[in-house]
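Chemist: Handing you a structure now.
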Ligand SMILES: Nc1ncnc2c1ncn2[C@@H]1O[C@H](COP(=O)(O)OP(=O)(O)OP(=O)(O)O)[C@@H](O)[C@H]1O
Ligand SMILES: Nc1ccn([C@@H]2O[C@H](COP(=O)(O)O)[C@@H](O)[C@H]2O)c(=O)n1
């Protein structure tokens, strides 16, 4: 028996996602601002599932998928992979997980990501966590990261900063205009940043009583 055509799988996933009713928080910030580090803390304390768009794309390369070469060269150049590829990976990861609350880290990265995700999934984020950090500090952190990532070199880091300023900041500004951005000073220690993050995720008495 042959497998179902791509278009059928896509439509089925869209319907399933609409039924699942998930709560999503987008986690944004420049490269090396500490998104992944803080997501790990949020998972432990608040029970979310962490989905890193970058990790999903790197896993797709390793899986030997037909898009692998294209994804690998985009990442090497610090460029943004076409939305349909990334969204498909996010959809699949959300559907495969029994949790109903997700941190989506490093997505949406540009206006195309944002509009396509909204159109396909009909999901609106609860809020957007934005880690604000200077380029100088982010570059220092990335160069110390030592995880063997092909894009953690000065040349690609500078390209990633440019893409962040030109393509990702406008997405943050879009959500700012909707009152959805929770900005965190990410230049502090990991512990201090997490104190600020906890305050965002902990409902105030007012919210609990409402
Ligand atoms: N507040 C902090 N102070 C100092 N170092 C930090 C802090 N937060 C994270 N780091 C370190 O900086 C490096 C980058 O952090 P992390 O991987 O969490 O950033 P990221 O925003 O997810 O990066 P990318 O977008 O490139 O994947 C890691 O080595 C991490 O241990
Ligand atoms: N929405 C996204 C997210 C990431 N990428 C590509 O992956 C690279 C690494 O991302 P990290 O979040 O792990 O730093 C990034 O520079 C992009 O090339 C993407 O295309 N779309």
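Residue numbers (the numbering used here): 23 to 232. Using N, Cα and C, we set each Cβ at its ideal position, and we do this for glycine too.
#1: How far does the beta strand (DSSP E) with residue 154 in it reach, from first residue to last?
#2: What are the uninterrupted segments assigned as beta strand (DSSP E) that are 3 or more residues long and contained completely in the segment 98–133, given in chain order?
#3: Work out the CA separation of residue 208 and residue 216 for me, nearest whole Å.
#4: Give me the Cβ distance between residue 100 and residue 185, rounded to the nearest whole Å; I'm assuming they're in contact under 8 Å.
#5: Residue range of the alpha helix (DSSP H) that residue 76 falls in?
#6: Which residues mark the beginning and the end of the alpha helix (DSSP H) in which residue 163 is found?
#7: Sorry if obvious, but does the Cβ on residue 175 come closer than 7 Å to a heavy atom of ligand 3?
#8: Figure out for me which residue from 39, 176 and 42 has the closest Cα to the Cα of residue 163.
#9: Hey, residue 98 and residue 178 are a contact pair by Cβ (cut 8 Å); roughly how many whole angstroms apart?
#10: How long is the line joining the alpha carbons of residue 120 and residue 72, rounded to whole angstroms?
#11: Would you say the beta carbon of residue 101 is closer than 7 Å to some non-hydrogen atom of ligand 2?
#12: Considering Cα atoms alone, identify which of 193, 39 and 180 is closest to residue 114.
#13: Among 188, 158 and 201, which one has its Cα closest to the Cα of residue 150?
#14: Please name the residue, chosen from 104, 118 and 218, that lies closest to residue 129 on a Cα-to-Cα basis.
#15: Under a three-way DSSP split, which group does residue 44 fall into?
#16: So residue 70 packs on residue 123, CB below 8 Å; how close in whole Å?
#17: If you draw a straight line from the alpha carbon of residue 138 to that of residue 169, how long is it in whole angstroms?
#18: I'd like to confirm the pairing. Which residues does DSSP put opposite residue 72 in its beta bridges?
#19: Mind checking whether the beta-carbon of residue 57 lies closer than 7 Å to any heavy atom of ligand 1?
Modeler: Result, derived from the coordinates:
#1: Counting along the chain, the beta strand (DSSP E) containing residue 154 begins and ends at 149–154.
#2: Counting whole runs of 3 or more residues, the segment 98–133 contains the beta strand (DSSP E) stretches 123–127.
#3: Approximately 9 Å, taken between the alpha carbons.
#4: The C-beta distance from residue 100 to residue 185 rounds to 6 Å, short enough to meet the 8 Å contact threshold.
#5: Looking at the DSSP string, the run of the alpha helix (DSSP H) that includes residue 76 is 75–84.
#6: That run of the alpha helix (DSSP H) goes 157–167.
#7: This structure does not include ligand 3; its bound ligands are ligand 1 and ligand 2.
#8: Nearest C-alpha to residue 163: 176.
#9: About 7 Å separates the two Cβ atoms, so the contact holds.
#10: Rounded to the nearest whole angstrom, the C-alpha separation of residue 120 and residue 72 is 13 Å.
#11: At a threshold of 7 Å, residue 101 counts as near ligand 2, since its beta carbon sits closer than that to one of the ligand's heavy atoms.
#12: Checking every option, the nearest Cα to that of residue 114 belongs to 39.
#13: The candidate whose alpha carbon is nearest that of residue 150 is 201.
#14: When only C-alpha atoms are compared, the closest one is 104.
#15: Reduced to three states, the DSSP call for residue 44 is coil.
#16: Sure, about 5 Å apart at Cβ, within 8 Å.
#17: Using only the alpha carbons, I get a separation of about 31 Å.
#18: Answer is 125, bridged to residue 72.
#19: Yes; taking the cut-off as 7 Å, the Cβ of residue 57 has a heavy atom of ligand 1 nearer than that.
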